[in-house]
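Report on the following structure.
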Amino acid sequence: MVTVTDKAKSKIEHLMQDSGLDASYFLRVSVQGGGCSGLSYNLDFDNEEKKGDQFFEDKGVRMALDMKSFLYLAGTELDFSDGLNGKGFNFHNPNATRTCGCGESFSV
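Going by the UniProt record's numbering, the residue at position 65 of the sequence shown is 65; the numbering climbs one at a time, nothing skipped.
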C-alpha cells in the first residue's frame, strides 16, 4: 500500500480541481526505468482502469498501481514539500537501497 501525507493530499486535491477533473479520476503512481539511479517515480491522473491495477485509498486519495510498480512501492509514503527549498512531491520508499540527490530516482 502507498500512503499520502496531509500535505500531499491537499496538493493532489488542488491539482485535480485546477485541472477540472471529476471524481472518476484517480492518481496513478508508477515506476519506470530511467533516472540516474535506474528507476524513476511517475505520477499522473487517470480515469481508465488497466488490467492488473492494484487500487488503494488513503485519506480520501484513490491511487492505482500496476503490479510491477506495486512491488517496488509497497510501504511507500508520498509527501509534498513546498516553500523556499521545496521540491514538490517526495517519495519515502523503504524498499529503495539508493536514491539520487534529487530524490526522483532510486534503485533496489
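Where a beta carbon is used, it is the ideal one built from N, C-alpha and C, also for glycine.
All values derive from a computational prediction rather than experimental measurement.
Taking residue i as part of the alpha helix (DSSP H), name the residues at either end of that continuous run.
i	result
Ala-8	6-18
Output the boundary residues of the beta strand (DSSP E) element that contains residue i.
i	result
Leu-65	61-65
In the DSSP output, what is residue i paired with across the bridge?
i	result
Thr-3	Glu-77
Asp-46	Phe-26
I need the DSSP call for residue i, collapsed to helix, strand or coil.
i	result
Leu-21	coil
Leu-71	helix
Gly-33	strand
Gly-86	coil
Asp-58	strand
Contact defined as beta carbons within less than 8 Å: I believe residue i pairs with residue j. What is the distance between those atoms, to the nearest angstrom?
i	j	result
Arg-28	Asp-44	5 Å
Can you find the residues in the same chain that come closer than 6 Å, C-beta to C-beta, to residue i, ignoring five residues on each side of it along the sequence?
i	result
Asn-47	Ser-24, Tyr-25
To which residues of the same chain is residue i closer than 7 Å at the C-beta, ignoring the five residues directly before and after it?
i	result
Gly-52	Asp-66, Met-67
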